[in-house]
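Number 232 in my numbering belongs to position 155 of the sequence shown; there are no gaps in the numbering. Ideal Cβ placement from N, Cα and C applies to all residues, glycine included.
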Amino acid sequence: MSSQFKTVTIAGGTGTLGYHIVEAFLNDGSYNVKVLRRKPKTENEKAKLLASKGAEIIYADYDQKDELVEVLKGTDVVISVLSYKNTNLYESQVPLLVAAKEASVKRFIPSEFGSEFKVGVHPTPDNKIKFEEELINSGLEYTIIFNGLFQEYLSFIGFDSKNKKATFYADGNKKLHTTSLSDVGKYTVETLKMPEARNAVIKVAGATLSLNEYLQKFEEVSGSKWEVVVDEEVKHRYKNKVEPIPSPEENFKATLVQNEQYKDLDNDKFSFTPRPVTEVIEKIVKQDA
78 MSSQFKTVTI
88 AGGTGTLGYH
98 IVEAFLNDGS
108 YNVKVLRRKP
118 KTENEKAKLL
128 ASKGAEIIYA
138 DYDQKDELVE
148 VLKGTDVVIS
158 VLSYKNTNLY
168 ESQVPLLVAA
178 KEASVKRFIP
188 SEFGSEFKVG
198 VHPTPDNKIK
208 FEEELINSGL
218 EYTIIFNGLF
228 QEYLSFIGFD
238 SKNKKATFYA
248 DGNKKLHTTS
258 LSDVGKYTVE
268 TLKMPEARNA
278 VIKVAGATLS
288 LNEYLQKFEE
298 VSGSKWEVVV
308 DEEVKHRYKN
318 KVEPIPSPEE
328 NFKATLVQNE
338 QYKDLDNDKF
348 SFTPRPVTEV
358 IEKIVKQDA
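Next up, the structure:
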């Protein structure tokens, strides 16, 4: 597969996911790869490493439109991997979209890279949805990528390998799409070579297993039986302030797990087989040992 695009600029390319996306483009070898960082310029080990591998590190003040436009000139595709942490993903991406359009960028991939949500479920996906509506109406080409939860974050949603304890925020038979960070990078690269990804939503998953099946893999890898706590009332207690009142983070975890999973995967449109989830679980268990 070949691509009509030559230069990609990745905003947030030194973050947890962004780094893997930049690496995937560098490994592909078909593109000029730029990593857009916010001013002021600061020392960053990931930026140094990516530069040593061939990425160009560029800087801009997101509050200065002319500056953003200037650094994006010559870019064919902008990929936003801006984080939702401590920021509003609508407000943080709009300046990038406005500048991309003015700089004659051809395609914009927004900071989705998660699960498909309905409006009103949680503020974080609501901000993503609001921005994606603006992107679709902008006239720029787009590709929206859903990949489920990151496999490296299985501990975040309740799989505590250090204490051999699993907290289920839904019934154990609830299935979840998950994908490794490295595979999200590969999927992103290949969408630029797929005609059907133009102005489209692409849905992929490295694995689709139930909570019980993920637990079984953790138990097999760790060689021990885990304690299981089922708490399906987190969202109810959070919304209605019922004791014990969950934290906003617990409410977000329950939202991620209980969310309805998307159907009609596009995995068969890609050239590679996703990394086995067991490999990622082995790494998690080893880190927590």
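Would ASN336 pass as a contact of TYR315 if the rule is Cβ separation under 8 Å?
-> By 1-based counting over the sequence shown, the position of residue 336 is 259. By 1-based counting over the sequence shown, the position of residue 315 is 238. No.
CA nearest to the CA of LYS183, picked from VAL155, GLU122, LYS312 = If you number the sequence shown from 1, residue 183 lands on position 106. Nearest of VAL155, GLU122, LYS312 to LYS183, Cα basis: VAL155.
When DSSP labels each residue in this structure, what does ALA378 get in the three-state scheme?
-> The structure shown does not extend to residue 378, since the chain is modelled only from 78 to 366, so the question has no answer here.
Between the C-alpha atoms of GLY89 and GLU210, what's the straight-line distance to the nearest angstrom?
-> Indexing the sequence shown from 1 puts residue 89 at position 12. Indexing the sequence shown from 1 puts residue 210 at position 133. About 21 Å.
N-terminal and C-terminal residue of the alpha helix (DSSP H) that TYR291 is part of | Residue mapping note: residue 291 aligns to position 214 of the sequence shown, counting from 1. Counting along the chain, the alpha helix (DSSP H) containing TYR291 begins and ends at 288–299.
Could you tell me if ILE186 is buried or exposed, where buried requires 16 or more neighbouring beta carbons within 10 angstroms of its beta carbon?
-> Against the sequence shown, residue 186 aligns to sequence position 109. Burial call: buried.
Exposed or buried, what is ASP248 when buried is set at 16 or more other beta-carbons lying within 10 Å of its beta-carbon?
-> Counting from one through the sequence shown, the residue named residue 248 turns up at place 171. With fewer than 16 Cβ atoms within 10 Å of its Cβ, ASP248 is classed as exposed.
Taking 8 Å as the cut-off, decide whether the C-beta atoms of ASP153 and THR220 are in contact.
-> Within the sequence shown, numbered from 1, the residue matching residue 153 stands at position 76. Within the sequence shown, numbered from 1, the residue matching residue 220 stands at position 143. No, Cβ-Cβ distance for ASP153 and THR220 is not below 8 Å.
ASP308 versus ILE206 - alpha carbon distance | Within the sequence shown, the letter at position 231 stands for residue 308. Within the sequence shown, the letter at position 129 stands for residue 206. When rounded, the distance between both Cα atoms is 28 Å.
Taking DSSP as the reference, what is the three-state secondary structure of THR256?
-> Mapped onto the sequence shown, residue 256 falls at position 179. THR256: strand per DSSP, three-state reduction.
8 Å Cβ cutoff met for VAL306 and ALA101 | Counting from one through the sequence shown, the residue named residue 306 turns up at place 229. Counting from one through the sequence shown, the residue named residue 101 turns up at place 24. No.
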